[in-house]
Amino acid sequence: MKQLLLAVPMVLAASAGAAQDVLFRSGEHEDFTRLVATLPSAETDWTVSRDGRFYTIKIEGDAVNLRTSTIFDKIPRDRLANIVANDAAGELELELACACRVVSIPYDGRYVIFDIRDDLPPAQNDDLPQVPLSFGEAVPVEKKPQRQFRFSSFEAASPVPTPVQVAEAKPAADYSDLLALENFVDRSAQVRVLRGDLIKQVDRAANQNLLQAQTPEVDDTSGLVGKPVKTAESQMPQLNSSDHVPPQAAVGKDLNIVAYNVLDEVGRDIAALLSGQVATGMCLPDSAVNITDWSGEGTFVQELSRLRQDVVGEFDRTNKDALRELAQLYVHYSFGAEALQILALLPESGENSILSAMAHIMDGREPPADNPSFASQGHCAGNTTLWAALSGETLVGESAIHGALDALQKMPRHLREYLGPQLSNRLVAQGQTEAAMLVLNGIERTSPRPDVNFDFAEATLNAELGNTEEATEALTEIATQNADISTKAVIDLIETHMAQGEAPSAETISLVGALAVEHKGGAMGPDLRRAHALARILQQEFGEAFKIVNDIETRDGSEAAEDVRSKLVMAVLEHADDFEVISWSIQERLAAPGRISTKAALQLAHKTFEMGFLGETKRLMQAAQTVIPSDEKRLLNARLALAEALPKRAEAELMGMETPIADRLRARAKAMAGDHAGAARLLAELGERGAAETEAWLDGDLASLTASENDVLRRASTYLLPPEEGSETEAATDRVTHGMLARNRALLEGAAESRGVLGDLLDLHSVTEPSS
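In the working numbering, the protein residues as written are 50 to 821.
In structure tokens:
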């Protein structure tokens, strides 16, 4: 035991003297080499001293462990030639390999940034622009005379952490390989677009009094470049002009706030674009999707022959450029499947990914989920917006819609006729019916005899505009044709009939049933099975409909079956008799969880309760479980409790509900529990005076019935009330005044009247014989 006690202080002493790690990480940039030190705590002091081309970083502390083994893994020795660590002294000596200097900046409490930068003339050291960090610090950044653009050094100078994401966004495509091709991206054009956006946003902010214009002072020496406008002192922390910022000078270290506006965003985009990087809000260049230029001057056969000859070059090596041009030619002539076969031979890249997405669209499908080439491109303009809309992206703003329409009009005629109906359908799905109408009108002007795809898009637009007769007629005609779009037309025709509540023809039902069997294993199988079930529902063929729903559950999953089965249950409740309702409920196990929706389960529970099947009603109520019970469900639970003679449970279900229906059920619960006075009060407040007087009679409140509108209750309460004060004296006076015969006659008359009142009471509450 003594040995254990003696060991405790020894362990404590060893812990107190343990060395604390100071990790140094490195990173190479275009204009500087960066070292980042992670201090043991925010209170750790540090200093930097210089002796010629040697810098010494001193970390204060009793014992530190300077971890520098991985510094040269990521940086060359162009600026930093060597490092020597002295753990005992807590010093790290940096030997520079250039005429550089070390700039140190504290960051976020525990970090210190040491930037090895090319030296500048002394006159320029005191005039460094300050670039704000996201937490309030500022980093001196050297001016670069060869780049007269104020955002040119943003990416190189700001150790800004990743901004907090406000909402989950779609995955962005990797365009790094795409933008690396100098002949593929026109950076100057992109800069002009971003510059225009910046000017528009500034002008809008000025018109809304969000900005106040200040005229910069003109430099007298050059007459061309203005001096920077001074801002308020509170907007930018002022730092000294030395190379090393002490830890206590860091501003805003306790603020976890990232503030930015459209100027920052556009500025970052321009800076990233000029430095060859991908800007955060950047759109694909039109050249990436300019399908108009993807065919030569010859015919399709001539261009195809030429490219096929170039596919295999010398030494039987595949020409990747020729393959890509061949895929572009196939896309240009709407051969999506053929283009995908060619793209399978090419390596993955940003350009090939975009081509693949366009080939899927040409093949009548949306791009796969792992190909987000057009994700978050709905706000762009021109060709990019058109393909974003065709891929299923929602267009944002009038400029995006107009850009998509303009891009379509600039395409060759065969592409307008092929892609126009698809764009119209996409716009209708987004509620842009006016733009969809413009698309179809433009096709109709240039193509006197459009194909069946145009007719289908026109029918879809008519259905959205409420022209159901025209839509139904057009879809019926398309469904009977032998075209690729006919299957989709049959599905939409059934949906149109479902919206109208009218049964389709027997021929249509037979057609959709045959198509469902033909395409049961294909991509259209789920939609066809659903349409077949809906057609049988409209025809009130509930038995066949339940069989189809069970097949949907087997092939397409329980969720797809639940939606159709719920519609089927609502139709059964509306059109079937009571026996069929309870038969289908038990036979199809509709009370099982997950079989039908909550709404359908509640409607079916109401029906079974009215029919007296309390057990089935309770099971349906359990199947309709929700996180927060609705008022409809609570009312039905209260009715179930009253039917089972559980008044207290019924009142618990009705707590907090202040509606006439709830008060009526609450009155029934109080009467069942023996609280007839409370029931009478609630019924009187509801204006049901007759029911309230009945509860008052059961409670024995005869005084309140003396003014009843019911003659029987009023007379009965009068006879049953006890005599008032003074009535005995008046009776004694009557005995003295009148004779014996007169008193007996009065008694007989009173007895006869009493029997009449009692008879009326019995008739008022007569019991009916049960029906056989």
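Cβ coordinates follow ideal geometry from the N, Cα and C atoms, glycine included. Given the structure is predicted, the values throughout are model-derived calculations rather than measurements.
#1: Starting from the Cα of Arg151, find the closest Cα among Glu758, Phe81, Leu714, Ser559 and give me that residue.
#2: Just how far apart, CA to CA, sit Ser90 and Ala148?
#3: Since Ala376 and Ile391 should fall inside the 8 Å C-beta cutoff, what is the C-beta to C-beta distance between them, to a whole number of angstroms?
#4: Check this for me: beta carbons of Pro553 and Ala580, under 7 Å apart or not?
#5: Between Ile586 and Ala563, what straight-line distance do the alpha-carbon atoms span, to the nearest angstrom?
#6: Can you list the beta strand (DSSP E) stretches of 3 or more residues lying completely in the segment 580-618, in chain order?
#7: Using the three-state DSSP reduction, which class does Val300 fall into: helix, strand or coil?
#8: Ordered along the chain, which non-local residues of its own chain (more than five positions away) have a Cβ less than 7 Å from that of Ala371?
#9: Might you give, ordered along the chain, the residues of its own chain that have their beta carbon closer than 8 Å to the beta carbon of Ala68, omitting 5 neighbours on each side?
#10: If you reduce the DSSP assignment to three classes, tell me which class Lys107 lands in.
#11: Taking all protein chains shown into account, do 16 or more other C-beta atoms lie within 10 angstroms of the C-beta of Lys719, making it buried, or fewer, making it exposed?
#12: To which residues of the same chain is Glu374 closer than 6 Å at the C-beta, ignoring the five residues directly before and after it?
#13: What's the C-alpha gap between Val539 and Glu602?
#14: Between which two residues does the beta strand (DSSP E) carrying Pro155 extend?
#15: Pick from Glu608, Ser634, Asp605: whose alpha carbon is nearest that of Val618?
#16: Under the rule that 16 or more other beta-carbon atoms within 10 Å means buried, what is Arg166, buried or exposed?
#17: Could you tell me the distance, in whole angstroms, from the CA atom of His546 to the CA atom of Gln458?
#18: Between Ala449 and Gly427, how many whole angstroms is the CB-CB distance? I'm expecting something under 8 Å.
#19: Quick one, are the C-beta atoms of Ile403 and Ser422 less than 7 Å apart?
#20: Quickly, what does DSSP pair Gln69 with across the bridge? List them, please.
#21: Taking only the alpha-carbon atoms, compute the straight-line gap between Ser473 and Val445 and give it to the nearest angstrom.
#22: Helix, strand or coil for Asn135, going by three-state DSSP, please let me know.
#23: Contact check, Ser75 vs Ile120 under 8 Å by CB: the rounded distance?
#24: What did DSSP end up calling Glu518 once you bin it into helix, strand or coil?
#25: Considering only C-alpha positions, which residue in the set Ala130, Glu140, Ile106, Asp157 is nearest to Ala146?
#26: Return the first residue and the last residue of the beta strand (DSSP E) that Thr96 is part of.
#27: Determine the closest residue to Lys648 out of Val71, Gly469, Arg614, Met660, with distance taken between C-alpha atoms.
#28: Using only CA atoms, which one of Pro396, Leu84, Asp504 lies nearest to Lys369?
#29: Between Leu378 and the rest of its own chain, which residues show a CB-CB distance below 7 Å, the 5 nearest in sequence each way excluded?
#30: For Arg414, which three-state DSSP category applies?
#31: If you draw a straight line from the alpha carbon of Ile492 to that of Arg462, how long is it in whole angstroms?
#32: In terms of DSSP beta bridges, what is Thr82 paired with?
#33: Helix, strand or coil for Tyr382 per DSSP?
#34: Are the beta-carbon atoms belonging to Ala672 and Ala650 less than 7 Å from one another?
#35: Could you round the C-beta distance between Tyr104 and Leu72 to whole angstroms and report it? I think they count as a contact, below 8 Å.
#36: Less than 8 Å between the CB atoms is what I'm expecting for Leu685 and Ala699, so what's the real figure, rounded?
So, from the data block:
#1: Sequence index remark: in the sequence shown, residue 151 carries index 102 (1-based). In the sequence as displayed, the identity of residue 151 is Val instead of Arg. Among Glu758, Phe81, Leu714, Ser559, the Cα nearest to that of Val151 is on Phe81.
#2: Here residue 90 refers to the residue found at position 41 of the sequence shown. Here residue 148 refers to the residue found at position 99 of the sequence shown. In a straight line, the C-alpha of Ser90 is about 33 Å away from that of Ala148.
#3: Start at 1 with the first residue of the sequence shown, and residue 376 comes out as number 327. Start at 1 with the first residue of the sequence shown, and residue 391 comes out as number 342. Yes, Ala376 and Ile391 are in contact; Cβ-Cβ is about 4 Å, under 8 Å.
#4: Within the sequence shown, numbered from 1, the residue matching residue 553 stands at position 504. Within the sequence shown, numbered from 1, the residue matching residue 580 stands at position 531. Result no, Cβ atoms of Pro553 and Ala580 do not sit closer than 7 Å.
#5: Here residue 586 is taken as the residue at index 537 of the sequence shown, counted from 1. Here residue 563 is taken as the residue at index 514 of the sequence shown, counted from 1. Going from the Cα of Ile586 to the Cα of Ala563 covers about 17 Å.
#6: none
#7: Indexing the sequence shown from 1 puts residue 300 at position 251. With a pLDDT of 42 at Val300, under the threshold of 50, the modelled position of that residue is not reliable, and the figure given next carries that caveat. Three-state result, Val300: coil.
#8: The count along the sequence shown starts at 1 and reaches residue 371 at position 322. Counting only Cβ-Cβ distances below 7 Å, and skipping sequence neighbours, we find Leu356, Asp359, Val360.
#9: By one-based count along the sequence shown, residue 68 stands at place 19. The residues are Ala112, Val113, Asn114, Asp136.
#10: Residue 107 sits at position 58 when you count from the first residue of the sequence shown. If DSSP states are grouped into helix, strand and coil, Lys107 belongs with the strands.
#11: Taking the first residue of the sequence shown as position 1, residue 719 is located at position 670. Under this definition Lys719 is a buried residue.
#12: Position 325 of the sequence shown, counted from the first residue, corresponds to residue 374. Cβ within range, chain order: Leu356.
#13: Counting from one through the sequence shown, the residue named residue 539 turns up at place 490. Counting from one through the sequence shown, the residue named residue 602 turns up at place 553. About 22 Å.
#14: In the sequence shown, the residue the question calls residue 155 occupies position 106. It spans 149-156 - the beta strand (DSSP E) in which Pro155 sits, taken as one unbroken run.
#15: Position 569 of the sequence shown holds residue 618. Taking only the C-alpha atoms, the option nearest Val618 is Ser634.
#16: Numbered from its first residue, the sequence shown carries residue 166 at position 117. Looking at its Cβ environment, which holds 16 or more other Cβ atoms inside 10 Å, Arg166 is buried.
#17: Locating residue 546 in the sequence shown gives position 497, where the first residue counts as 1. Locating residue 458 in the sequence shown gives position 409, where the first residue counts as 1. Just so you know, the alpha carbons of His546 and Gln458 end up roughly 34 Å apart.
#18: Residue 449 sits at position 400 when you count from the first residue of the sequence shown. Residue 427 sits at position 378 when you count from the first residue of the sequence shown. Yes, they are in contact, since the Cβ atoms of Ala449 and Gly427 sit about 6 Å apart, within 8 Å.
#19: Reading the sequence shown from its first residue, position 354 is the one you call residue 403. Reading the sequence shown from its first residue, position 373 is the one you call residue 422. Yes, Cβ-Cβ distance for Ile403 and Ser422 is below 7 Å.
#20: By one-based count along the sequence shown, residue 69 stands at place 20. In DSSP, Gln69 forms a bridge with Val113.
#21: For the purposes of this step, residue 473 is taken as the residue at position 424 of the sequence shown. For the purposes of this step, residue 445 is taken as the residue at position 396 of the sequence shown. Distance between the alpha carbons of Ser473 and Val445: 16 Å.
#22: Taking the first residue of the sequence shown as 1, we reach residue 135 at position 86. The DSSP-derived three-state label of Asn135 is strand.
#23: Translated into positions along the sequence shown, residue 75 becomes position 26. Translated into positions along the sequence shown, residue 120 becomes position 71. The beta carbons of Ser75 and Ile120 sit about 5 Å from each other, so the pair counts as a contact at 8 Å.
#24: Looking up residue 518 in the sequence shown gives position 469. In this structure, Glu518 counts as helix in the three-state DSSP scheme.
#25: Translated into the one-based positions of the sequence shown, residue 146 becomes position 97. Ranking Ala130, Glu140, Ile106, Asp157 by Cα distance to Ala146 puts Ala130 first.
#26: To locate residue 96, count along the sequence shown from 1; it is residue 47. From DSSP, the beta strand (DSSP E) with Thr96 extends over 95-100.
#27: One-based indexing of the sequence shown puts residue 648 at position 599. Selected option, being the one with the closest Cα: Arg614.
#28: Position 320 of the sequence shown, counted from the first residue, corresponds to residue 369. Closest by alpha carbon: Pro396.
#29: By 1-based counting over the sequence shown, the position of residue 378 is 329. The answer, listed in chain order, is Trp343, Ser344, Glu352, Leu353, Leu356.
#30: Within the sequence shown, numbered from 1, the residue matching residue 414 stands at position 365. Three-state DSSP puts Arg414 in coil, outside helix and strand.
#31: As a first step, residue 492 must be located in the sequence shown, where it is residue number 443. As a first step, residue 462 must be located in the sequence shown, where it is residue number 413. Taking the straight line joining both Cα atoms gives about 9 Å.
#32: For the purposes of this step, residue 82 is taken as residue 33 along the sequence shown, with counting starting at 1. The bridge partners DSSP lists for Thr82 are Glu77, Ile165.
#33: Indexing the sequence shown from 1 puts residue 382 at position 333. Of the three classes helix, strand and coil, the one that applies to Tyr382 here is coil, per DSSP.
#34: In the sequence shown, the residue the question calls residue 672 occupies position 623. In the sequence shown, the residue the question calls residue 650 occupies position 601. In this structure, Ala650 lies closer than 7 Å to Ala672 by Cβ.
#35: The count along the sequence shown starts at 1 and reaches residue 104 at position 55. The count along the sequence shown starts at 1 and reaches residue 72 at position 23. With a Cβ gap of about 19 Å, Tyr104 and Leu72 do not count as contacting.
#36: Reading the sequence shown from its first residue, position 636 is the one you call residue 685. Reading the sequence shown from its first residue, position 650 is the one you call residue 699. At roughly 11 Å, the Cβ-Cβ gap does not stay under 8 Å, so Leu685 and Ala699 are not in contact.
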